[in-house]
Amino acid sequence: MKFWRMLILLAFASSWAIGAQALTPDDLKPLGADDFDAKAQLIAKLVTTGDAASLTVLKALADDAVSITGNNEILIQDGDNYRDAITGRAVTATDAQPITLSNVLRNQVNSGLSAVQLSSPDLATRQAAVETLLQNPEESLKPLVDQARSRETDAALKKRLDTLWAMTALHNHDPAQRLQAVLLLNARHNLEVGELLRPLLLKNSSGAYAEPDPAVRHAAQAGLDELASIQRRGEIAGTIFAGLSLGSVLLLAALGLAITYGLIGVINMAHGEFLMIGAYATYVVQNFFQQHWPAAFDWYPLAAIPVAFIAAALVGIALERLILKHLYGRPLETLLTTFGVSLLLIQATRMIFGAQNVQVSNPSWMSGGLTVLPNLILPYNRLTILAFSVTVIALSWTVLNRTRLGLFVRAVTQNRQMAACVGIKTGRVDSYAFAFGAGIAGLGGCALAQIGNVGPDLGQGYIIDSFMVVVLGGVGQLAGTIIGAFGLGIASKAIEPFSGAVLAKIAVLVFIVLFIQKRPQGMFALKGRSAES
Amino acid sequence: MNIVTSTADGAALDAGVAELTTPSTTLAPAATAATIFSLGLPARPALLSKPAWGALVVLILLVGIGVPLASLVIPESSAFHLSAYAVTLGGKLMCYAIAALALDLVWGYCGVLSLGHGLFFALGGYAMGMYLMREIGHQGKYGSDLPDFMVFLDWHKLPWYWQGTQHFAYAMLLVLLVPAVIAWVFGYFTFRSRVKGVYLSIMTQALTYAATLLFFRNETGFGGNNGFTDFKQILGFPITHPGTRMVLFLITFAVLVLAFIGARAIVTSKLGRVVTAIRDGESRLMFLGYSPLAYKLFIWTLSAVLCGIAGALYVPQVGIINPSEMSPGNSIEMAIWVAVGGRGTLIGPIIGAFAVNGAKSIFTDYFPEYWLFCLGAIFVLVPLLLPRGIIGLVMKRHGSRS
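Written as structure tokens, this is what we have:
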């Protein structure tokens with residue numbers, strides 16, 4: 204079959220070379236006139252003729268390369284030269300005026316061109332033609348689509364052609380063809396198909412359905428129902444993913460907070476600024492790679508991770524050693540002091556990096572997304588952060604449960620005096636744990652830099668939510684923080700569509716106030732004598 | 367000028383108060399000196415000592431007569447003239463002082479550090495602002511019955527919660543009731559579940575944060591981002607007129623003095639002693655058979671109402687109220703006024719409010735970019751170096767001299 208087409212094409216090409224054409228110069232005359240219908244008919248004729256000469260004219264029309272001379276000769280512009288549209292012979296023209304088509308005609312030309320290209324021997328050309336036609340299917344092209352469909356051998360392309368055929372056959376006079384068209388469209392599971400099916404079920408002004416055959420209507424309704432369920436599934440999955448994504452950031456922000464609160468009993472208001480420090484550390488590393496090592500730019504996040512951790516941990520250990528150590532036993536004043544530290548850090552950042560947001564760009568492997576459902580795309584950067592935060596949790600669990608430092612931290616959290624009595628240097632444990640918590644927040648900042656703006660106020664937006672995670676999850680327990688963070692994230696995102704982000708925040712707050720009526724110590728309270736202060 | 371006199375008098379007043387506000391640790395020796403059959407409680411202190419009363423009367427006379435005289439009668443050329451700016455600034459600082467006093471009642475005496483008092487302050491302010499917006503009437507830009515921002519949002523009638531706010535008395539009732547109801551409901555649920563300490567502070571911060579977000583929305587009906595401004599008159603008097611300003615200033619001063627005496631009466635009463643006991647040992651108090659809930663709720667709600675009154679006085683003098691007034695940052699700043707002055711005393715927060723906000727005015731005039739550094743440093747250094755605030759410093763020197 205293909206072979207025959209090629210042969211025919213070859214024949215056409217050779218016939219064009221010796222000057223025997225199906226088109227005559229008179230056929231092209233309407234192009235120079237003002238009659239819209241005549242032009243539309245001419246284009247339709249060019250499409251149905253479909254020979255090489257017609258194809259050349261169509262291509263030239265699509266490229267705006269058709270001109271007309273004073274004595275109504277139609278010429279095709281090729282760079283600076285002109286050729287006769289039909290004979291292809293070079294012509295010198297001094298008074299050629301370009302012909303411009305209206306948008307309606309231009310669409311007709313493009314669709315027609317694609318329809319002709321459906322019979323191209325080249326698979327890629329055919330694919331491109333089908334995709335173009337899917338954007339703008341025209342019923343008038345049905346015969347060409349019919350032909351192409353019966354001819355096509357590539358399985359994937361055949362499916363696309365089926366859809367295309369269905370789109371053009373939707374208003375066919377034969378109900379059986381219409382039904383088949385609807386069924387083919389249903390099988391496509393594409394949300395845009397809904398736009399084609401919905402008009403079938405509408406009633407016109409006289410009360411009759413636009414689609415007279417009940418079987419076709421029924422099939423269309425079934426298709427629409429299925430589309431609605433796909434859409435709903437996509438939305439639910441999207442909400443859950445957005446919640447998990449928010450939760451993973453909250454988790455990184457709140458983990459350190461929960462550890463230090465459990466250990467020292469102070470809430471560190473400057474904790475959000477550790478996020479900010481981590482994000483700015485990422486920014487600095489990014490700039491360094493851009494300037495000194497652009498070849499490895501895609502892998503700068505790997506270098507940014509330790510830098511962000513160490514930068515935040517160093518600031519954290521300085522804060523603990525220089526200030527907080529002197530305030531132990533006075534938690535409320537510590538709250539105020541750490542707020543002051545947060546002001547100082549924000550203002551210092553403003554002076555060093557400027558008050559404007561700075562640009563941190565995703566490496567190329569993090570841009571784009573994974574299409575799971577037609578209306579659900581999971582961005583790679585958010586997926587990466589989710590995986591990153593799970594990794595950090597695993598590492599934190601290992602540190603807390605499998606290392607000597609973790610053992611000390613848990614001991615001091617449970618009972619400080621008793622831990623001191625058995626020889627644990629509680630002051631040093633405090634410092635290390637504080638640095639560890641700050642470092643995790645720095646990692647959170649590194650992650651945040653990949654999905655949001657990096658500015659001096661970065662931490663402020665997350666800090667209150669992180670506090671809520673700690674209140675909800677209880678202290679000194681990894682599991683509580685994890686469930687608190689993901690629970691809060693998903694709850695916020697689930698309420699948002701109904702009531703907006705602000706009311707969602709308020710609803711979450713009200714929920715937390717009511718929740719601590721039942722469990723004042725959070726979901727996972729420490730048991731034993733340490734529980735009551 | 368006004369700032370300087372009241373701070374100096376405040377210090378003098380404090381000298382009298384200092385002997386009375388003895389910390390709880392000195393209660394024990396007093397008990398051993400009492401008779402065998404008594405309960406061993408120290409005698410209830412007087413409302414104010416004689417020198418303190420004297421200082422207070424002098425202060426009232428000085429401000430009550432001196433300020434109107436200096437502002438309205440003495441010609442502008444004189445060195446003793448008080449500019450309209452100074453009067454407004456003085457009034458503003460006194461509003462802050464009332465709010466600081468309110469916060470000190472719960473933090474200094476009940477051990478509940480609220481990081482959400484900006485909310486109550488702003489709620490009082492918004493209630494007053496609603497009245498002032500209605501009082502503009504047809505003089506707004508659009509000449510409509512509705513406040514300008516509602517015309518701008520294409521609203522056609524007042525929301526239900528704006529009904530009746532054109533009556534001054536009703537608006538004043540709102541000033542008292544709205545903070546009271548919100549404080550009571552929030553307090554009831556948190557105190558009942560015995561949330562305290564840092565947890566409670568965080569919850570109050572979240573409360574004010576949520577409210578800020580709510581008030582930033584245009585749909586909430588309080589002018590969104592811009593809040594209320596462009597007030598024209600209050601009770602028919604033009605709001606920018608020097609005479610009106612002076613009356614507002616004097617009312618604020620009167621409220622500050624009354625709030626101080628009222629707070630003093632409460633903390634020296636039996637109720638005040640129970641409240642202080644909650645601060646020092648809530649569990650012990652419960653073992654003795656008290657239920658702290660009602661006491662805490664009372665002092666908490668009272669503090670919120672006082673803060674609301676301060677906000678209501680603040681708005682007509684400053685001429686604007688917007689959601690940033692209740693932002694978490696602003697609310698925490700109130701706590702530092704108390705800490706700087708010295709919590710657990712009543713004169714301390716007043717001094718602290720004047721000192722910090724006076725410094726803020728000076729800094730924002732001369733080195734605006736360094737104010738946040740300065741504020742941050744105050745937050746860090748005061749708890750470290752001055753745990754009992756300015757009052758603590760004065761008392762220590764006073765003690766070492768005698």
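These protein sequence lines map, in sequence, to chains A and B. Here my numbering is used: the first residue of the first sequence is 204, the next is one more, and so on. Here my numbering is used: the first residue of the second sequence is 367, the next is one more, and so on. Think of the CB as a built atom: it goes at the ideal place given N, C-alpha and C, for glycine as much as any other residue.
{"query": "For B:G477, the nearest candidate out of B:A678, B:T642, B:L524 and B:M761 (CA to CA)", "result": "B:T642"}
{"query": "Alpha-carbon to alpha-carbon, A:D377 and A:Q320", "result": "27 angstroms"}
{"query": "Where the beta strand (DSSP E) through A:Q424 begins and ends", "result": "Careful: A:Q424 lies outside any beta strand (DSSP E), inside the alpha helix (DSSP H) at P417 to I467."}
{"query": "Distance CB(A:L364)-CB(A:E355) smaller than 8 angstroms", "result": "yes"}
{"query": "Alpha carbon of A:L258 to alpha carbon of A:Q244, nearest angstrom", "result": "15 angstroms"}
{"query": "Within chain B, partners of A:Q720 - CB distance below 8 angstroms", "result": "F555, R558 and S559"}
{"query": "Closest by C-alpha distance to B:G677, when choosing among B:L540, B:L428 and B:G530", "result": "B:L540"}
{"query": "9 angstroms Cβ cut-off: residues of chain B touching A:I709", "result": "A576, A577, L579 and L580"}
{"query": "Close-in-space but distant-in-sequence residues of the same chain around B:P604 (CB under 6 angstroms, 5 per side omitted)", "result": "none"}
{"query": "Beta-carbon gap between A:L430 and A:E414 smaller than 8 angstroms", "result": "no"}
{"query": "Residues sharing a beta bridge with A:Y665, DSSP", "result": "DSSP output for A:Y665 lists no bridge partner at all."}
{"query": "Contact under 8 angstroms by Cβ, A:V602 with A:Y486", "result": "no"}
{"query": "Environment of A:T606 [buried if 16+ CB atoms lie within 10 Å]", "result": "exposed"}
{"query": "Contact list for B:V746 against chain A, beta-carbon separation under 8 angstroms", "result": "I526, T540, G543, V544 and L547"}
{"query": "Contact list for B:G563 against chain A, beta-carbon separation under 9 angstroms", "result": "G468, P534, L535 and S736"}
{"query": "Neighbouring residues, chain B, relative to A:H178 (Cβ below 8 angstroms)", "result": "Within the shown structure, residues of chain A are numbered from 204 to 736, placing residue 178 of chain A beyond reach of any answer."}
{"query": "Local conformation of B:Y508 per DSSP, three classes", "result": "coil"}
{"query": "Start-to-end residues for the alpha helix (DSSP H) that takes in B:Y451", "result": "A450 to W473"}
{"query": "DSSP state of A:S322 mapped onto helix, strand, coil", "result": "coil"}
{"query": "Short CB-CB distance (under 8 angstroms) between A:F670 and chain B", "result": "yes"}
{"query": "Chain B contact residues for A:L712, given Cβ-Cβ distances below 9 angstroms", "result": "M569, A572, L573, Y575 and A576"}
{"query": "Inter-stretch contact at 8 angstroms, needing at least 3 Cβ pairs: the segment 651 to 664 of chain A / the segment 422 to 439 of chain A", "result": "no"}
{"query": "Against chain A: residues of the segment 690 to 711 of chain B by CB proximity under 8 angstroms", "result": "P694, I698, A701, I702 and A705"}
{"query": "CA-to-CA distance, B:G506 to B:M499, given in whole angstroms", "result": "9 angstroms"}
{"query": "8 angstroms Cβ cutoff, A:P509 in contact with chain B", "result": "no"}
{"query": "Assigned exposure category for A:F639 - 16 Cβ within 10 Å defines buried", "result": "buried"}
{"query": "Separation of B:S559 from A:Q720, as counted between CA atoms", "result": "5 angstroms"}
{"query": "Coarse secondary structure for B:Q532, derived from DSSP in three states", "result": "coil"}
{"query": "Test: B:A743 CB closer than 8 angstroms to a CB of chain A", "result": "yes"}
{"query": "Candidates A:M621, A:G465 and A:A636: closest to A:A516 by CA position", "result": "A:A636"}
{"query": "Residue from A:L548, A:S564 and A:N565 with nearest C-alpha to A:G557", "result": "A:L548"}
{"query": "Closer than 7 angstroms at the beta carbon, the chain B residues around A:P723", "result": "S559, R560 and V561"}
{"query": "8 angstroms Cβ cutoff, A:V716 in contact with chain B", "result": "yes"}
{"query": "Enclosing alpha helix (DSSP H) for A:D240 [first to last residue]", "result": "F239 to T252"}
{"query": "Cα-Cα separation, A:L717 to B:T667", "result": "20 angstroms"}
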